[in-house]
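Read left to right, the sequence shown gives residues 19 to 191 (the working numbering).
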Amino acid sequence: MRRCDKLVDTGRRQFLRGAGLGAAGVAVSTMLPVGAKADTPQARVNYPSNRLANISDLKVNEPMQVAYPDADAPGVLLKLGTKVEGGAGPDGDIVGFTTICPHKGYPLGYAADTRTLNCPGHYSVFDVERSGFEVWGHATQNLPQYTLRVDAKGDIYAEGLDELLYGRLSNVL
Numbered sequence: 019m020r021r022c023d024k025l026v027d028t029g030r031r032q033f034l035r036g037a038g039l040g041a042a043g044v045a046v047s048t049m050l051p052v053g054a055k056a057d058t059p060q061a062r063v064n065y066p067s068n069r070l071a072n073i074s075d076l077k078v079n080e081p082m083q084v085a086y087p088d089a090d091a092p093g094v095l096l097k098l099g100t101k102v103e104g105g106a107g108p109d110g111d112i113v114g115f116t117t118i119c120p121h122k123g124y125p126l127g128y129a130a131d132t133r134t135l136n137c138p139g140h141y142s143v144f145d146v147e148r149s150g151f152e153v154w155g156h157a158t159q160n161l162p163q164y165t166l167r168v169d170a171k172g173d174i175y176a177e178g179l180d181e182l183l184y185g186r187l188s189n190v191l
């Protein structure tokens with residue numbers, strides 16, 4: 019019997035390495051919209067604009083309970099007193115976050131002394147001065163932050179989120 023002289027003996031490691039690279043290439047190509055380049059930032063999903071409060075309703079470092087984008091999504095507005103990244107208003111110090119932990123959906127509580135939202139379930143801690151960055155715990159994503167706009171009358175509007183809400187399959191209503 020004649021053997022094919024074009025065969026290459028790849029071995030198991032070489033085969034797995036090639037399969038892994040191929041799978042990674044397929045995964046990357048499915049994440050990009052048709053015609054997009056890898057360095058093109060993805061568009062943020064926007065919700066309808068909802069009025070949440072007025073600047074005059076807020077006190078420094080005291081959370082105001084709100085719901086956004088709907089009644090089933092509890093959240094909080096905070097006036098921090100110092101300008102922060104992602105902050106809105108004339109002082110750039112107003113932020114808003116969901117108060118549902120992205121790890122397992124526990125309700126978060128605000129700790130004024132550390133300016134963090136804390137999960138009683140698995141102890142995740144989110145820094146509200148750093149865009150909801152997780153500084154401790156089991157969560158695998160940062161806390162979803164509201165995209166806020168303040169109009170000339172001081173009314174605060176939420177117009178989107180920067181992360182997926184816990185329990186939602188998409189950020190589309």
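We treat Cβ as the ideally placed atom computed from N, Cα and C, and that holds for glycine.
### Message
Considering just the uninterrupted stretch of the beta strand (DSSP E) at I73, what are its terminal residues?
### Response
Boundaries cannot be given for I73, as no beta strand (DSSP E) includes it and DSSP labels it neither H nor E.
### Query
Whose C-alpha, out of K171, W154, G139, is nearest the C-alpha of D145?
Of the candidates K171, W154, G139, the one whose C-alpha sits nearest the C-alpha of D145 is W154.
### Message
Only counting the same chain, and skipping five residues up and downstream in sequence, which positions put a Cβ closer than 8 Å to that of Q159?
### Response
So the list reads P120, E152, E181, L182, once near-sequence residues are dropped.
### Task
Starting from E80, follow its DSSP beta bridges and name the residues at the other end.
Under DSSP, E80 shares a beta bridge with K77.
#### Entry: Ordered list of beta strand (DSSP E) runs contained in the stretch 105–175, each at least 3 residues
Counting only unbroken stretches of 3 or more residues, the beta strand (DSSP E) elements lying wholly within the stretch 105–175 are 112–116, 127–129, 134–136, 143–145, 151–154, 164–168, in sequence order.
### Alpha-carbon to alpha-carbon, G139 and K101
When rounded, the distance between both Cα atoms is 30 Å.
### Query
If A170 sits next to N68, beta carbons under 8 Å apart, how far is it from one beta carbon to the other, in whole angstroms?
Wrong, their Cβ atoms sit about 18 Å apart, outside the cutoff.
### Query
In three-state DSSP terms, what is Y65?
Reduced to three states, the DSSP call for Y65 is strand.
#### Entry: Local conformation of L96 per DSSP, three classes
If DSSP states are grouped into helix, strand and coil, L96 belongs with the strands.
#### Entry: Cα-Cα separation between E80 and Y128, rounded to whole angstroms
Those two C-alpha atoms are separated by around 9 Å.
### Sequence-distant residues of its chain with Cβ nearer than 7 Å to D109 (five each side left out)
So the qualifying residues of the chain are K101.
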